[in-house]
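Trainee: Heads up: the sequence shown at position 74 corresponds to 74 in this note's numbering, and the numbers run straight through without jumps.
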Amino acid sequence: MAKLEALLFDVDGTMADTEREGHRVAFNAAFAEAGLDWEWSEELYGKLLAVTGGKERIRFYLDRYNQDFDKPADLDDFIAGLHQSKTGHYNALMAEGRIPLRSGVQRLLQEARDQGFRLGIVTTTTPENVTALLDSTLGKEGSSWFEVIAAGDVVPAKKPAPDIYNWAMNQLGIDPDRCLALEDSHNGVLSVLSSGIRALVVTVNGYTRHENFDGATLILDHLGDPGAPCHAIHGDMQGREMVDLELLKRVHAQANG
Ligand code: XBP
Ligand code: MG
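In structure tokens form, the structure reads like this:
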């Protein structure tokens, strides 16, 4: 059986809880700046998260929740402009250091680096949002921890399509059976599994806890840290209080056995 070589991290909802107080707030700031009376409540945003990608999400909102809006002729440009403004607001929020990494993320990244594992980011979000999060949480060196940052429009189809995971593995020159992915959402799980990666750990969050994670080897409330044990919703923590490299190697062996 192939050896585990690379950990592939999703970003939003997995590395940090960025949606509710980050992306959602930035979308609303962009709408206000454009003079639109659109306000995405926490509840509505939870429904809009069914669609990945900020531009795609705005279009979904118009099609499903705001059909009366008088769409401009150049709708794509209009949405792109709104999204660019949103990205600016999101990056400003990140620069304020308002959103930390989730429990156990930095500890696990550091352990993986110390043990020579390859690290990648595989996300639907805009690349500059990734850099902003890593800069604000891991420092200026943060982005260099990852051999590949696969993000946003670099692929034609976003999660749940496998494209972004395939792109990342292609960049790494690595087969799916040498990877383990960490995700938070149903769309993310579908993307991982359809890319051929079988070792998958899910850490749920407020928006995704009731989603379907069939196919995940381990489903947890978070990755855990010393003094802050995590709890398995599905799968076997093998007596551990937090996710470490030894456990991930066993998860990988179990999934690829
Ligand atoms: C989460 C997403 C992104 C963010 C918003 O990506 O679906 O669209 O919600 O970011 P992942 P953008 O869970 O794969 O990290 O507005 O830049 O798309
Ligand atoms: Mg996610």
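The C-beta atom is built at its ideal place from N, Cα and C for all residues, glycine as well. Here the structure is a predicted model, which means the values were calculated and not measured.
1. Tell me whether S41 counts as near the ligand MG, meaning its Cβ is closer than 6 Å to at least one heavy atom of that ligand.
2. Roughly how far, in whole angstroms, is the beta-carbon of R24 from the beta-carbon of G206, given that I think they are within contact range, below 8 Å?
3. Please return the same chain residues whose Cβ sits closer than 8 Å to the Cβ of G244, not counting the five positions on each side in sequence.
4. Any contact of the segment 175-184 with the segment 5-21, i.e. 3+ C-beta pairs under 8 Å?
5. Should V154 be labelled buried (16 or more other beta-carbon atoms within 10 Å of its own) or exposed?
6. Taking the straight line between their C-alpha atoms, what separation do you get for A29 and E96?
7. What residues are listed by DSSP as bridge partners for V201?
8. Which runs of the beta strand (DSSP E) fall wholly inside the segment 90-158 and span at least 3 residues, in chain order?
9. With distance defined between alpha-carbon atoms, name the residue in L223, G196 and S194 nearest to V204.
10. Going by C-alpha distance, which of R57, L36 and W38 is nearest G46?
11. Would you say the beta carbon of T14 is closer than 6 Å to some non-hydrogen atom of the ligand MG?
12. Out of E246, L138 and E42, which has the shortest C-alpha to C-alpha gap to V105?
Mentor: According to the structure shown:
1. no
2. 12 Å between Cβ atoms; not a contact.
3. Strictly speaking, residue 244 in this sequence is Asp, with Gly absent from that position. Around D244: L108 and E111.
4. yes
5. exposed
6. 16 Å
7. L182 and L218
8. 118-123 and 148-151
9. L223
10. R57
11. yes
12. L138
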